[in-house]
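Asks: First the structure, which I've put down as structure tokens, then a few questions once you've had a look.
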Amino acid sequence: MDCLFAVDKPRGMTSHDVVDACRRALHERRVGHGGTLDPDASGVLVLGVGQATRLLGILTLATKAYESTFRFGCETTTDDAEGAPVHVAKAPARLADPVVAAAVVASMPGDAMQVPPAFSAVSKDGRRSYAAARAGEAVELDPRPVSILRAELLGTSLYDGVVSWDVSLEVSKGCYIRSIARDLGRDVGCWAHVCSLRRTASGPVGIADCLTLDELAAGGVDAVRARALDPAAVLGLPVRELSDRELADAACGRRLAAADDAHEVALVHGGRLHGVWERRGRSLASKVNLVKGVEGVRGGLR
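In the working numbering, the protein residues as written are 47 to 348.
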């Protein structure tokens, strides 16, 4: 089996834990994921099996959508509820006012320079940031450009003096919701952290496209095939339908005539993705050659 699929990752599991569960259910070692999701977070995790693992490194999945709860009054070492408190201050009751909260959230969209959480998978000097943080070392990560594309207040609560906001966000790839909560808390002067996080979309892949781990364990290969993602659509590339002769040429890595001005195209034959080719001069040359083909092509972008 060679396909892309998605799992609704439960809280409390690492992304690698999900990969291991998929390997057991599918009796297949060649499984990988297309973007880490924090252990305390749930939601969309895109995976590849077989030759589809070769696509994981080129998946753009340029935007991510989340639903999250921000809790005010405490900043933690991890910027979520798993960490130890580092700053504590009573949140003013006015923050529980939906009008006040909605105005702040409405001002969030835009471009910014964001410092990732110390406990993150960002690498610095060849080492994962979370490894240094767990070892008790001071972690100083460089800010990087991110975008908040959409922000919506879903509700506010005030319970036992603790103010929380439920928010829906769409952000650029590489943007950390934990950092948004941390920086928001600093901006309003009373600290904050994420106490729940659910990824509702990764690029074009949403919760409705996902298998649960129970469905995966019960259905195995059949369950994955029934819910396989269209690889061309997930890649977001225009489709080039191959003739039998072109398929044979592509399998050997031979260049193909460029039919349009697209920089990259998905090569498709018989409902399978056989490669991603890129324009070089007046022809198309191989970027990723998938001789067996990745299942699931249903349409893609034309």
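Even glycine gets a Cβ: it sits at the ideal position worked out from N, Cα and C.
Can you find at least 3 beta carbon pairs, one from the segment 188-202 and one from the segment 57-64, that sit closer than 8 Å?
Replies: no
Asks: Taking 8 Å as the threshold (C-beta atoms), are Asp86 and Leu243 in contact?
Replies: Position 197 of the sequence shown, counted from the start, is the residue given in the question as residue 243. Position 40 of the sequence shown, counted from the start, is the residue given in the question as residue 86. Contact flag set, yes.
Asks: Using the Cβ count rule (16 or more neighbours within 10 Å means buried), how would you classify Val343?
Replies: In the sequence shown, the residue the question calls residue 343 occupies position 297. With a 10 Å radius around the Cβ and a threshold of 16 neighbouring Cβ atoms, Val343 comes out buried.
Asks: Would Arg273 and Asp255 qualify as a contact pair, given that the criterion is a beta-carbon distance under 8 Å?
Replies: Residue numbering aside, residue 273 sits at position 227 when the sequence shown is read from its first letter. Residue numbering aside, residue 255 sits at position 209 when the sequence shown is read from its first letter. By the CB criterion at 8 Å, Arg273 and Asp255 fall inside the cutoff.
Asks: Roughly how many whole angstroms lie between the Cα atoms of Arg174 and Arg291?
Replies: Numbered from its first residue, the sequence shown carries residue 174 at position 128. Numbered from its first residue, the sequence shown carries residue 291 at position 245. Their backbone Cα atoms lie some 47 Å apart in a straight line.
Asks: Go through its chain and collect everything with a Cβ distance to Asp157's Cβ below 7 Å, but skip five positions before and after it.
Replies: Locating residue 157 in the sequence shown gives position 111, counting from the first residue. Same-chain partners within the cutoff: Pro191, Ser193.
Asks: Between which two residues does the alpha helix (DSSP H) harbouring Val65 extend?
Replies: For the purposes of this step, residue 65 is taken as the residue at position 19 of the sequence shown. Run containing Val65: 61-72, per the alpha helix (DSSP H) assignment.
Asks: What does Glu128 pair with, by DSSP beta-bridge criteria?
Replies: By 1-based counting over the sequence shown, the position of residue 128 is 82. The partner list for Glu128 (beta bridge, DSSP) is empty, contrary to what the question assumes.
Asks: At what residue ranges does the segment 89-147 contain a whole run of the beta strand (DSSP E), taking only runs of 3 or more?
Replies: 109-118, 120-122, 131-134
Asks: Does the count of Cβ pairs from the segment 228-236 and the segment 112-132 closer than 8 Å reach three?
Replies: With a cut-off of 8 Å, the segment 112-132 and the segment 228-236 count as touching, because enough Cβ pairs lie within range.
Asks: According to the neighbour-count rule (16 or more other Cβ atoms, all chains shown, within 10 Å of its Cβ), is Gly172 buried or exposed?
Replies: Within the sequence shown, the letter at position 126 stands for residue 172. By the neighbour-count criterion, in which a residue is buried when 16 or more other Cβ atoms sit within 10 angstroms of its Cβ, Gly172 is exposed.
Asks: So, Gly249 versus Ala108, is the Cβ gap smaller than 8 Å?
Replies: Within the sequence shown, numbered from 1, the residue matching residue 249 stands at position 203. Within the sequence shown, numbered from 1, the residue matching residue 108 stands at position 62. Cβ distance < 8 Å, so Gly249 and Ala108 count as in contact.
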